[in-house]
Amino acid sequence: MLLRTGEVVDQGRNKALCGEPSSTAAATTTTTTTISRCRAGTEALDTETKRLVTQVLGEHVGILKPRWNENEALSTMKRVVDHVLGKYSYVYNGMLDGLSLDDRGDDVTFVRAIAKSLFADGTVNWGRVVSLVAFGAALSEYLKDKGRESCVELVGEEIAVYMLTDQKDWMTENNSWHGFVEFFRPADRGSAVSNALMTIAGVAGIGATLTLLIM
């Protein structure tokens with residue numbers, strides 16, 4: 001049967017009106033669903049990153065109580081950061097001593113500058129992320145001891161904002177905080193040594209960055 005001009009379009013429109021989706025409507029629905037899922041994933045990463053960093057720093061200095069329902073990413077970060085600070089506390093303390101923190105007041109924007117320099121060579125891994133958070137914990141402890149505990153939250157914000165801007169794509173590509181948990185759950189001793197060396201390299205990178213800031 002021959003169709004007059006416009007009948008094909010009308011039939012497609014009628015199918016959509018009768019509940020039978022046209023190809024255009026189906027494609028639009030798929031695209032909308034994909035965008036919604038991406039947006040939800042992004043919002044979840046933003047929320048978890050801010051909450052994780054804030055909680056780690058807050059618990060470290062004693063201004064936040066441990067969460068009874070903490071997830072694996074939080075417990076892993078706390079464990080690894082405590083290990084790094086326990087082993088390299090003298091390194092971090094030496095770094096802080098050279099920053100003239102008492103002259104900076106409540107300005108902690110330099111934290112983001114340190115973060116940018118730490119990853120400036122293009123090498124990104126979870127070991128360096130831990131090193132950055134550990135630096136934030138050491139800095140927060142110093143600020144609290146000086147009666148400036150209100151700055152602890154600001155330190156966390158600087159770290160979280162950096163991670164969610166400069167390193168967000170990398171985090172997404174590496175399975176976000178699920179990838180972080182797996183990274184520090186090595187299947188063999190060789191992986192454990194490798195991951196530890198990455199973290200140590202991150203500590204050294206922060207030290208070099210602070211040296212440049214002090215000079």
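When we follow UniProt numbering, the leftmost residue of the sequence shown carries the number 1, and every step to the right adds one.
The beta carbon of each residue, even a glycine, is placed where N, CA and C say it ideally should be.
Bear in mind the structure is a predicted one, so any value in this text is a computation, not a measurement.
*Should histidine 178 go down as buried or exposed, given a rule of 16 or more other Cβ atoms within 10 Å for buried?*
Taking the first residue of the sequence shown as 1, we reach residue 178 at position 178. By the neighbour-count criterion, in which a residue is buried when 16 or more other Cβ atoms sit within 10 angstroms of its Cβ, histidine 178 is exposed.
*For leucine 154, which residues from the same chain have a beta carbon less than 6 Å from its beta carbon, with the 5 sequence-adjacent residues on both sides left out?*
Working through the sequence shown from its first residue, we reach residue 154 at position 154. Cβ neighbours of leucine 154 beyond the five flanking positions: Val108.
*What do you reckon, are the CB atoms on valine 133 and valine 81 nearer than 8 Å?*
Indexing the sequence shown from 1 puts residue 133 at position 133. Indexing the sequence shown from 1 puts residue 81 at position 81. It is a contact, given that the beta carbons lie within the stated cut-off.
*asked:* Could you check whether alanine 138 and valine 53 sit closer than 8 Å to each other, using their CB atoms as the reference points?
replied: Here residue 53 corresponds to residue number 53 of the sequence shown, with the count starting at 1. Here residue 138 corresponds to residue number 138 of the sequence shown, with the count starting at 1. Contact: no.
*asked:* If I measure Cβ to Cβ from valine 193 and keep anything under 6 Å in the same chain, skipping five residues before and after, which residues do I get?
replied: Within the sequence shown, residue 193 is the residue found at index 193, counting from 1. Below a pLDDT of 50, predicted positions are generally treated as unreliable, and valine 193, at 45, falls in that range; no measurement from the model is reported.
_Pairwise C-alpha distance: threonine 165 and tyrosine 142_ = Locating residue 142 in the sequence shown gives position 142, where the first residue counts as 1. Locating residue 165 in the sequence shown gives position 165, where the first residue counts as 1. Answer to the nearest angstrom: the Cα atoms are 26 Å apart.
_If contacts are defined as beta-carbon pairs under 8 Å, then phenylalanine 180 and alanine 73 qualify, I think. What distance do you get, rounded to the angstrom?_
Residue 180 sits at position 180 when you count from the first residue of the sequence shown. Residue 73 sits at position 73 when you count from the first residue of the sequence shown. Confirmed, about 6 Å.
*Less than 8 Å between the CB atoms is what I'm expecting for glutamine 55 and leucine 64, so what's the real figure, rounded?*
Translated into positions along the sequence shown, residue 55 becomes position 55. Translated into positions along the sequence shown, residue 64 becomes position 64. The pair is a contact, with the Cβ atoms about 6 Å apart (cut-off 8 Å).
_4-residue-minimum alpha helix (DSSP H) runs that sit fully inside the UniProt domain "Bcl-2 Bcl-2 homology region 1-3" (77 to 177), ordered along the chain_ = Qualifying alpha helix (DSSP H) stretches, in chain order: 110 to 118, 126 to 145, 150 to 165, 168 to 173.
*asked:* Please report the straight-line C-alpha distance between lysine 144 and lysine 78, rounded to a whole angstrom.
replied: Position 144 of the sequence shown holds residue 144. Position 78 of the sequence shown holds residue 78. Distance between the alpha carbons of lysine 144 and lysine 78 is about 18 Å.
_Simplified DSSP assignment, three categories, for glutamate 70_ = For the purposes of this step, residue 70 is identified with residue 70 of the sequence shown, where counting begins at 1. Residue state, collapsed to three classes: coil.
_Reduced DSSP secondary structure (H/G/I, E/B, other) of leucine 45_ = Start at 1 with the first residue of the sequence shown, and residue 45 comes out as number 45. Reduced to three states, the DSSP call for leucine 45 is helix.
_Can you look up residue 221 in the DSSP assignment and give me helix, strand or coil?_
Past the boundaries of the shown model lies residue 221; the chain is included only from 1 to 215, so the question cannot be answered.
*Figure out for me which residue from Phe135, Thr123, Glu48 has the closest Cα to the Cα of lysine 87.*
Translated into the one-based positions of the sequence shown, residue 87 becomes position 87. Ranking the options by Cα distance to lysine 87, first place goes to Phe135.
*By the 10 Å Cβ neighbour count, where 16 or more other Cβ atoms means buried, how is tyrosine 90 classified, buried or exposed?*
Residue 90 sits at position 90 when you count from the first residue of the sequence shown. The residue is exposed, with fewer than 16 neighbouring Cβ atoms inside 10 Å.
*Does the separation of the CB atoms of tyrosine 92 and leucine 101 fall below 8 Å?*
In the sequence shown, counting from the first residue as 1, residue 92 sits at position 92. In the sequence shown, counting from the first residue as 1, residue 101 sits at position 101. No, the pair does not count as a contact, with Cβ atoms beyond the cut-off.
_Within a Cβ cutoff of 8 Å, which residues of the same chain sit near leucine 96, ignoring the five residues on either side of it in sequence?_
Along the sequence shown, one-based indexing puts residue 96 at 96. Listed in chain order, the non-local C-beta contacts of leucine 96 below 8 Å within the same chain comprise Ala138, Leu139, Tyr142, local neighbours out to five positions each way being set aside.
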